[in-house]
Amino acid sequence: MEVKDFYYELPQELIAQDPLEDRSSSRLLVMQRESGALTHTHFCQIPDYLQSGDCLVLNNTKVIPARLFGEREGTQGKVEILLLRQRQKDVWETLVKPGKKAKPGTRILFGGGILVGEVLDVVEDGNRRIRFSYEGIFEEILDRLGQMPLPPYITHQLKDKNRYQTVYAKYDGSAAAPTAGLHFTPELLEEVQKKGVTVAEVTLHVGLGTFRPVKAKTVQEHHMHAEYYQMDEAAAEAINETKRRGGRVICVGTTSCRTLESVAMRLIQEEGDEAAGSGRYVKACSGWTDIFIYPGYQFRVMDGLITNFHLPESTLLMLVSAFAGQGQVMEAYQEAVRERYRFFSFGDAMLIC
2 MEVKDFYYEL PQELIAQDPL EDRSSSRLLV MQRESGALTH THFCQIPDYL QSGDCLVLNN
62 TKVIPARLFG EREGTQGKVE ILLLRQRQKD VWETLVKPGK KAKPGTRILF GGGILVGEVL
122 DVVEDGNRRI RFSYEGIFEE ILDRLGQMPL PPYITHQLKD KNRYQTVYAK YDGSAAAPTA
182 GLHFTPELLE EVQKKGVTVA EVTLHVGLGT FRPVKAKTVQ EHHMHAEYYQ MDEAAAEAIN
242 ETKRRGGRVI CVGTTSCRTL ESVAMRLIQE EGDEAAGSGR YVKACSGWTD IFIYPGYQFR
302 VMDGLITNFH LPESTLLMLV SAFAGQGQVM EAYQEAVRER YRFFSFGDAM LIC
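Take any residue in the sequence shown, count from 1 to its spot, add 1: that is its number in the numbering used here.
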């Protein structure tokens, strides 16, 4: 299977540069998974497509203002860094531009020295480990000095940081938002629950890999970056109970999907296929996952997916194609282009069920 099989033409003007003022007013393309039939509506109508007994799975990760701009000590050379992953207290793996100027021992000043970073070493993919020193609380300093790490295809300045954050974000750790969830408002979630839909929350901290293009020629050659996930007892029981009684588990975003499917695979590896036979599909656990879902994958838990429109030749588009069929998904994308849907992080949404 070649990466080029997931290419489609997208006019530049369809890439959404700004979030809509009303989160739930975005458009929604509903696809019937079996037939590929399409319905055009708006996201505020999502409760009409959910049923009592369903379980909606949200990723409650919180995006940190991970992009920092500073100067190399003694030279005033401009440096941009992106926090990727906390390795230990005050030590982060980072992406640095320009990387050639960030050799071990280099000190970088942010906010005139309010925050100081020292490059420790160079690690995988040319990333740098940096130790930070400061006075006060790191998160407060980061909130003051940092900017939201918007994807490279968004060129407009974000006026309100909270618009690149879901309304249910709780736990700091992501370098990118789980964007399918950006469409929900507290009122819409309340309406969903009043309909008898259970809401379960998991955590997957989204890493830089979500921005990186697939450089391999064939799909199978690509390797995913690992991301940290966590599922607690309450979420595991809600999902298992939904499956036991025949309800649908509907993931909000590919990150929620990857979490559920990773946990299900882990359970099978540890306890065998009989775990699902006894009504246990997932369990409370945490860890790192580099699961790569592409056509041919057999889904173990997810029955429906709410997702945005993804970049051509991306791993996210491959995941959606694995769930709904490559041909059907590519036809749906062509329809979305014809109908002038808004694409990518601040764009419109799909529901596949």
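The beta-carbon is built from N, C-alpha and C at its ideal position, and this holds for glycine as well.
When the Cβ atoms of the stretch 135-147 are set against those of the stretch 22-35, are three or more pairs found closer than 8 Å?
Verdict: no, contact absent.
Indicate the three-state DSSP secondary structure (helix, strand or coil) for residue 230 in the structure shown.
Of the three classes helix, strand and coil, the one that applies to residue 230 here is strand, per DSSP.
When you measure from the CB of residue 250 to every non-hydrogen atom of the ligand PLP, does any distance come out below 7 Å?
The ligand PLP is absent from the structure shown, which contains no ligands of any kind.
Between the C-alpha atoms of residue 240 and residue 60, what's the straight-line distance to the nearest angstrom?
Whole-angstrom Cα-Cα distance: 14 Å.
In or out: residue 231 buried (at least 16 other Cβ within 10 Å) or exposed?
Looking at its Cβ environment, which holds 16 or more other Cβ atoms inside 10 Å, residue 231 is buried.
Is it the case that the Cβ atoms of residue 85 and residue 208 are separated by a distance below 8 Å?
yes
Do residue 183 and residue 167 have their C-beta atoms closer together than 8 Å?
The answer is yes: Cβ separation under 8 Å.
Under 8 Å between C-beta atoms, does residue 228 make it to chain B?
Absence of chain B from the displayed structure is noted, only one protein chain being present.
Proximal residues to residue 236 (C-beta, below 7 Å), its chain only, five neighbours per side dropped:
So the qualifying residues of the chain are 201, 202 and 203.
Can residue 130 and residue 122 be called in contact, C-beta distance under 8 Å?
In contact: residue 130 and residue 122 (Cβ atoms closer than 8 Å).
Inter-residue Cα distance where the pair is residue 215 and residue 15
22 Å
Of all the options 294, 244, 76 and 315, which has the alpha carbon lying nearest to the alpha carbon of residue 54?
Of all alpha-carbon atoms in 294, 244, 76 and 315, the one lying nearest the alpha-carbon of residue 54 is that of 244.
CA-CA distance, residue 170 and residue 213?
24 Å
Secondary structure, beta strand (DSSP E): runs of 3+ residues fully inside the stretch 220-287
Complete beta strand (DSSP E) runs here, min 3: 228-232 and 250-253.
Counting Cβ pairs closer than 8 Å, one from the stretch 269-282 and one from the stretch 314-326, do we hit at least three?
no
Please classify residue 37: does DSSP put it in a helix, a strand, or coil?
coil
Using the Cβ count rule (16 or more neighbours within 10 Å means buried), how would you classify residue 28?
buried
Return the bridge partner residues of residue 32 from the DSSP annotation.
39 and 353
Are residue 30 and residue 41 closer than 8 Å when you measure CB to CB?
yes
Roughly how many angstroms lie between the CA atoms of residue 176 and residue 72, to the nearest whole one?
22 Å
Buried or exposed for residue 103, going by 16 or more other Cβ atoms inside 10 Å?
Buried, because 16 or more other Cβ atoms sit within 10 Å of the Cβ of residue 103.
With a threshold of 7 Å on Cβ separation, who are the neighbours of residue 192 within its own chain once the five nearest residues in sequence on each side are excluded?
48, listed in sequence order.
Can you find the residues in the same chain that come closer than 7 Å, C-beta to C-beta, to residue 157, ignoring five residues on each side of it along the sequence?
A distance below 7 Å between beta-carbons, with the five flanking residues on each side excluded, links residue 157 to the following residues of its chain, in chain order: 18 and 19.
By the three-class DSSP mapping on this structure, what secondary structure does residue 135 have?
strand
Can you grab the Cα-Cα spacing for the pair residue 79 / residue 140, in whole Å?
23 Å
Distance between beta carbons of residue 254 and residue 333, contact taken as under 8 Å:
The pair is not a contact, with the Cβ atoms about 17 Å apart (cut-off 8 Å).
For residue 305 and residue 252, what's the separation of their Cα atoms in angstroms?
6 Å
Apart from the five residues just before and just after residue 287, which ones in its own chain have a Cβ nearer than 6 Å to its Cβ?
231
Starting from residue 201, follow its DSSP beta bridges and name the residues at the other end.
DSSP output for residue 201 lists 58 as bridge partner(s).
What does the Cβ neighbour count give for residue 178, buried or exposed, with the cut at 16 atoms within 10 Å?
buried
Using a Cβ-Cβ cut-off of 8 Å (strictly less than) and excluding sequence neighbours within five positions of residue 335, which residues of its own chain qualify?
9
Quick one, are the C-beta atoms of residue 4 and residue 217 less than 8 Å apart?
yes
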